[in-house]
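Here the structure comes first, spelled out in structure tokens, and everything after it is commentary.
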Amino acid sequence: IVNPIPSNLTSETKKAAKILEQFTEITSRTGPDKIIPSHVIAKAQGLAIISVIKAGFLVTARGGSGIVVARLPDGRWSAPSAIGIAGLGGGFEIGVETVLNLYLLSFETYGCTL
Numbered sequence: 032i033v034n035p036i037p038s039n040l041t042s043e044t045k046k047a048a049k050i051l052e053q054f055t056e057i058t059s060r061t062g063p064d065k066i067i068p069s070h071v072i073a074k075a076q077g078l079a080i081i082s083v084i085k086a087g088f089l090v091t092a093r094g095g096s097g098i099v100v101a102r103l104p105d106g107r108w109s110a111p112s113a114i115g116i117a118g119l120g121g122g123f124e125i126g127v128e129t130v131l132n133l134y135l136l137s138f139e140t141y142g143c144t145l
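To convert a position in the sequence shown, counted from 1, into this note's numbering, add 31.
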């Protein structure tokens, strides 16, 4: 279990490495049909890796942290940038939930100049 509470960038990077490992390595809990194949990650232009905790009783709150990295023109990964997420909600909800998220990012400009 990883801690979704934000801390320093070094620990966020270590946490992201553990999460990425969980999504990409076959273990006794995850078979080959439950992982992201390495060729899919190899094509990604960026990765956002975030852990989020949500808790509540009628009113819910969620918060989390993680990192984003982008693929550089030479194929290497950029230095990590810290990101955070927070929110409030309502409705009939009771409990606590921790979620690990891995977003594969793809950038295409189709000839547009930014």
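By construction, the Cβ of each residue, glycine as well, lies at the ideal position given by its N, Cα and C atoms.
Computed from a predicted model, the values in this text were never measured in an experiment.
Cα-Cα separation, residue i to residue j
i, j, result
"L64", "G118", "Looking at the sequence shown, residue 64 is not Leu but Asp. Near 32 Å, if we compare the C-alpha coordinates of G118 and D64."
"T55", "I66", "5 Å"
"S42", "I125", "30 Å"
"I114", "F123", "29 Å"
"S112", "G121", "31 Å"
"I57", "T129", "21 Å"
"S69", "A92", "34 Å"
"V127", "D105", "42 Å"
Proximity below 9 Å, CB of residue i to CB of residue j
i, j, result
"L131", "Q53", "yes"
"I98", "A79", "yes"
"G9", "S38", "Given a span of 32 to 145 for the chain in the structure shown, any question on residue 9 remains unanswerable."
"L17", "V71", "Nothing can be reported for residue 17: it is not among the residues displayed for the chain, which extend from 32 to 145."
Nearest residue (CA-CA) to residue i, options the options
i, options, result
"I36", "T55, I66, G95, L89", "G95"
"V83", "G126, I116, A48", "I116"
"W108", "A75, I50, T58", "A75"
"L133", "T58, S69, I81, I57", "I81"
"L40", "L135, A110, G120", "A110"
Cβ neighbour criterion (16 or more within 10 Å) applied to residue i
i, result
"V100", "buried"
"I50", "buried"
"K45", "exposed"
"A48", "exposed"
Residue i at chain D interface by Cβ criterion, 9 Å
i, result
"I57", "The structure shown contains no chain D, having only a single protein chain."
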